[in-house]
């Protein structure tokens, strides 16, 4: 018997945020110990994954020590947090994924970041975003296979949580920038209803679409993180006894999903069926399916306006892909924009009525496993409609495909029913594991 | 006959933006001449009015010379513009009316500012705003009587246009920050439908309310200015042959308006009646009247989130009035916020149906003439409902009260019907002058 051998300790870097918070709140785990476990993972995996644009281990450790010695700050007390580099931060440069802002240092925190810090979170650093949250990627690789994309635009946040570098990270979604990378990285992503979390201090891309969201290891994790930013404490007490009525929505784009994604989806439906869940098949109307194109038009037209300064003063530093997108946006007329708004309002009303028959929709998160190569971040197809409608949605991991990469399914609820949607997603997540 | 005497020239500083643009586009007026006329007024009146936080006469003159020598840039070619100090500007500090940002220099222009520059506007400087566009005023005085407030929060922009320092200025409205100062300063103010003009680079106060608007001397002026930011060229060709059906809406708060404001309002109704306008009396439902309180709650709850960084890191530099407002906001629960959203959606639907019977509403702009003293900016009462509903609204000047200060009436249209609303307001304006 060798008394010098240290006791085996649980791998703290793999704890859910919910479990870690429970221990931190009772002072049964120190912020320093949790952070050190995260830093070990970062040291080991960052050279390969490049999830971070900036991080500050020493600064984070100093904050962790302060938190351990001071009073409990709030629900995120001592939890390490990754912040997408689209959010302004007072202590880290904020580059928005663009060479234009390579050395840009904001004077304050984005409101969402300040709210997380107020609740006790430790901002470990800034995670890589695509160019202004559009389609030109940074260097980040998929934690399950670094030859594949992690998805985007919240590439670094999803990869960091997927690699156990941090339990929680902030993202934003304009098309599919939370749901798709969550699916590709095998974690939970949550995009709340449009308008619940403040966007002050986030680089604007498309004002009627940009939405703050979060990444974690389970539904309770993302609920914990976003509850602080939405000022919704009830999201921290999700019921687990609410069996949902599920609308199964394969969409008109089902053929765009891979056989593996289809199989994982059908297995999920079958699993819910076995659990006695009431299931109805939902076919979207042509008007709702048409929103895929409307989404693109709205995003481009609003980006043309939002990025007016960069378009006028830094055109040569915009990627060709983004320049083309802005040009497309500039050609959309005012009348077209008004028609698009009317289409959205009508579809929102129509889809809202559908939720009388089911509590949540189950629909694909993405077309399949993460694509190989780091030049693209994948197709946002399966989230465009829900982003445009402003409905809350989550991606839940449901196993792996033939390439060994994760697959996800998407749970979508009616607008402003985030509390119920999180509760139903929590039920589904728990019962998929049974 | 003394040939050395210069010919009398028209007072260029009093030209409407529309008239000046017409001359500038034909090269019958130089940008330099127009600007010099404005600078003369500024030199004469700024010490008394303090409308500007920063201005740069030399820089503006250099731009005007460039514009005179170069090709036509766009619809605002050569027009001097004042920009509320709530908008970021790459060449002027941006203080947001707060000591926290006294020396803050943004790296780029707010999107709305960039769009105006793209169209050829000359940004002459930054105009005074109240603290973060709330209720604690800067030093600006009313151009019609410097012992009185110009209104707020777009205090400097309204005073500058009212004093003929510039033909056009940018403002924002969260409660009544365009309509009230326009009425107090005897000019036209226009708050478009919520969501038409990008807010990127504007200090956020209340995300579901903050709206970019504009000030000018007539309806065509504000339409010209905002058309550029909304990408709505049709606002530059307003029809004058559209006789509106007018819903006269004295509101439940009629008794809060002064006898002079009531008399000016009734005279306007009488005048329209004489012109053969179809007039219906409109009584708002209790649910719509209740929006006055809902507006305040939404604004405070959203400001609590949007100003999280300042609340956490600079509390001592926030005015007591603002601290109290944020505290009120922090106490509004998530459930209350959801109920407020539902109330707004229901009222918007109900009011929208009303517009089948009339094209625009005529309603008071403010409680009366500008109050004496510079410690307060007046009551936003008569704009809260329309700001919360996101409806387009204009304030039109309708003469003067017993204190010699201007009075205004408000024209309100249905949401996203800005083109028609501007057209009807243009008709009303022209026929009030007959």
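Protein chains in written order, with the working numbering: chain A, 1 to 434; chain B, 435 to 868. We put the beta carbon where it would ideally sit given N, CA and C, even for glycine.
Using the rule of at least 16 other Cβ atoms within 10 Å of the residue's Cβ for burial, across every protein chain shown, is residue 192 of chain A buried or exposed? Numbered from its first residue, the first chain carries residue 192 of chain A at position 192. Classification of residue 192 of chain A: buried, given that the 10 Å Cβ count is 16 or more.
Extent of the continuous beta strand (DSSP E) run through residue 278 of chain A: Position 278 of the first chain holds residue 278 of chain A. 278-281 is the span of the beta strand (DSSP E), which, as asked, contains residue 278 of chain A.
Sort B/513, B/530, B/460 by Cα distance to residue 488 of chain B and report the nearest one. Here residue 488 of chain B refers to the residue found at position 54 when the second chain is read from its first residue. Proximity to residue 488 of chain B across B/513, B/530, B/460 peaks at B/530, based on C-alpha coordinates.
May I ask which residues mark the beginning and end of the alpha helix (DSSP H) holding residue 304 of chain A? If you number the first chain from 1, residue 304 of chain A lands on position 304. 291-306 is the extent of the alpha helix (DSSP H) around residue 304 of chain A.
Nearest to residue 825 of chain B (by Cα), restricted to the options B/609, B/554, B/496: As a first step, residue 825 of chain B is located in the second chain; it is residue number 391 there, counting from the start. Selected option, being the one with the closest Cα: B/609.
Would you tell me roughly how many angstroms separate the C-alpha atoms of residue 85 of chain A and residue 301 of chain A, rounded to the nearest one? One-based indexing of the first chain puts residue 85 of chain A at position 85. One-based indexing of the first chain puts residue 301 of chain A at position 301. Straight-line Cα distance between these residues: approximately 23 Å.
Consider the Cβ of residue 289 of chain A: report whether some Cβ of chain B lies at a distance smaller than 7 Å. Translated into the one-based positions of the first chain, residue 289 of chain A becomes position 289. Contacts with chain B at 7 Å (Cβ-Cβ) do not include residue 289 of chain A.
What does the alpha-carbon distance come out to for the pair residue 583 of chain B and residue 526 of chain B? Your numbering for residue 583 of chain B matches position 149 in the second chain. Your numbering for residue 526 of chain B matches position 92 in the second chain. CA-to-CA, the gap between residue 583 of chain B and residue 526 of chain B works out to about 25 Å.
So for residue 187 of chain A, helix, strand or coil by DSSP? Position 187 of the first chain, counted from the start, is the residue given in the question as residue 187 of chain A. The answer is coil: DSSP assigns residue 187 of chain A none of H, G, I, E or B.
What does residue 195 of chain A touch in chain B if you count any residue whose Cβ is under 9 Å from its own? Residue mapping note: residue 195 of chain A aligns to position 195 of the first chain, counting from 1. Contact annotation for residue 195 of chain A against chain B: 641, 642, 775 [CB-CB distance below 9 Å, chain order].
Proximity winner among B/450, B/642, B/523, relative to residue 559 of chain B (alpha-carbon distances): Residue mapping note: residue 559 of chain B aligns to position 125 of the second chain, counting from 1. For residue 559 of chain B, the closest alpha carbon among the candidates B/450, B/642, B/523 is that of B/523.
Note down, in chain order, every chain A residue with its Cβ under 7 Å from the Cβ of residue 538 of chain B. What you label residue 538 of chain B is simply residue 104 of the second chain in a count that begins at 1. Contact note: residue 538 of chain B reaches chain A through 107, using a C-beta cutoff of 7 Å and chain order.
7 Å CB neighbourhood of residue 29 of chain A in its chain, flanking five on each side removed: Locating residue 29 of chain A in the first chain gives position 29, counting from the first residue. Setting aside the 5 residues that flank it on each side, residue 29 of chain A is surrounded in the same chain by 20, 23, each with a C-beta closer than 7 Å to its C-beta; the list follows chain order.
Taking contact to mean 3 or more Cβ pairs, one atom from each stretch, closer than 8 Å, check whether the region 351-363 of chain A and the region 158-173 of chain A are in contact. No: the two stretches stay apart, fewer than three of their Cβ pairs being nearer than 8 Å.
Span separating the alpha-carbon of residue 677 of chain B from that of residue 659 of chain B: Taking the first residue of the second chain as position 1, residue 677 of chain B is located at position 243. Taking the first residue of the second chain as position 1, residue 659 of chain B is located at position 225. Near 24 Å, if we compare the C-alpha coordinates of residue 659 of chain B and residue 677 of chain B.
Please return the same chain residues whose Cβ sits closer than 7 Å to the Cβ of residue 564 of chain B, not counting the five positions on each side in sequence. Residue 564 of chain B sits at position 130 when you count from the first residue of the second chain. Counting only Cβ-Cβ distances below 7 Å, and skipping sequence neighbours, we find 531, 570, 571, 572, 586, 587, 589, 811.
In three-state DSSP terms, what is residue 332 of chain A? Position 332 of the first chain, counting from 1, holds the residue named residue 332 of chain A. Coil, per DSSP.
Could you compute how far the alpha carbon of residue 830 of chain B sits from the alpha carbon of residue 159 of chain A? The residue given as residue 830 of chain B occupies position 396 in the second chain. The residue given as residue 159 of chain A occupies position 159 in the first chain. When rounded, the distance between both Cα atoms is 55 Å.
Just list the alpha helix (DSSP H) runs in the region 82-163 of chain A, keeping only unbroken ones of 4 residues or longer that don't cross its boundaries, in chain order. The alpha helix (DSSP H) runs of length 4 or more contained entirely in the region 82-163 of chain A are, from start to end of the chain, 111-118, 155-162.
Which class does residue 674 of chain B belong to by DSSP, given the choice of helix, strand or coil? On the second chain, residue 674 of chain B is found 240 positions in, with the first residue counted as 1. Reduced to three states, the DSSP call for residue 674 of chain B is coil.
Can you list the residues of chain B that residue 338 of chain A reaches, using a CB-CB cut of under 8 Å? The residue given as residue 338 of chain A occupies position 338 in the first chain. In chain order: 850.
Does any residue of chain A have a CB that is nearer than 7 Å to the CB of residue 555 of chain B? Reading the second chain from its first residue, position 121 is the one you call residue 555 of chain B. Closer than 7 Å: no.
With distances taken from CA atoms, which of A/113, A/254, A/216 is nearest residue 182 of chain A? Residue numbering aside, residue 182 of chain A sits at position 182 when the first chain is read from its first letter. Answer by Cα proximity: A/216.
Identify the contact partners of residue 756 of chain B in chain A, using a Cβ-Cβ distance below 8 Å as the criterion. Working through the second chain from its first residue, we reach residue 756 of chain B at position 322. By Cβ distance, chain A contributes nothing, its closest Cβ being about 15 Å from residue 756 of chain B, past 8 Å.
Please state whether DSSP places residue 259 of chain A in a helix, a strand or coil. Counting from 1 along the first chain, the entry for residue 259 of chain A is found at position 259. In the structure shown, residue 259 of chain A falls within a helical segment according to DSSP collapsed to helix, strand and coil.
Whole angstroms is fine: what's the gap from residue 360 of chain A's alpha carbon to residue 645 of chain B's? By one-based count along the first chain, residue 360 of chain A stands at place 360. By one-based count along the second chain, residue 645 of chain B stands at place 211. Between residue 360 of chain A and residue 645 of chain B, the C-alpha separation is close to 34 Å.
Contacting positions in the region 75-87 of chain A - beta carbon closer than 7 Å to chain B: Those would be none; no residue qualifies.
Tell me which same chain residues have a C-beta within less than 8 Å of the C-beta of residue 232 of chain A, skipping the five on either side of it? By one-based count along the first chain, residue 232 of chain A stands at place 232. Cβ neighbours of residue 232 of chain A beyond the five flanking positions: 196, 226, 418, 419.
Please report whether the beta-carbon of residue 665 of chain B lies at a distance below 7 Å from any beta-carbon of chain A. Walking along the second chain from the start, residue 665 of chain B turns up at place 231. Yes, its Cβ sits closer than 7 Å to a Cβ of chain A.
For residue 372 of chain A versus residue 147 of chain A, is the C-beta distance shorter than 7 Å? Taking the first chain and counting its residues from 1, one reaches residue 372 of chain A at position 372. Taking the first chain and counting its residues from 1, one reaches residue 147 of chain A at position 147. Judged by beta-carbon spacing, residue 147 of chain A lies within the 7 Å limit of residue 372 of chain A, meaning their Cβ atoms are closer than that value.
Decide if residue 534 of chain B is buried, meaning its Cβ has at least 16 other Cβ atoms within 10 Å, or exposed. The sequence position of residue 534 of chain B within the second chain is 100, counting from 1. Residue 534 of chain B is classed as buried because its beta carbon has at least 16 other beta carbons within 10 Å across all chains shown.
Check whether the region 325-339 of chain A and the region 406-425 of chain A touch, using three or more Cβ-Cβ pairs below 8 Å as the test. The count of Cβ pairs closer than 8 Å, one atom from the region 325-339 of chain A and one from the region 406-425 of chain A, stays below three, leaving the stretches out of contact.
Taking residue 115 of chain A as the query, report the chain B residues whose CB atoms sit under 7 Å from its CB, ordered along the chain. Working through the first chain from its first residue, we reach residue 115 of chain A at position 115. Correct list: 739, 742.
Any beta carbon from chain A within less than 7 Å of residue 532 of chain B's own beta carbon? The residue you call residue 532 of chain B lines up with position 98 of the second chain. Not one chain A Cβ lies under 7 Å of residue 532 of chain B.
Please confirm whether residue 114 of chain A and residue 746 of chain B have their CB atoms less than 7 Å apart. Numbered from its first residue, the first chain carries residue 114 of chain A at position 114. Numbered from its first residue, the second chain carries residue 746 of chain B at position 312. In contact: residue 114 of chain A and residue 746 of chain B (Cβ atoms closer than 7 Å).
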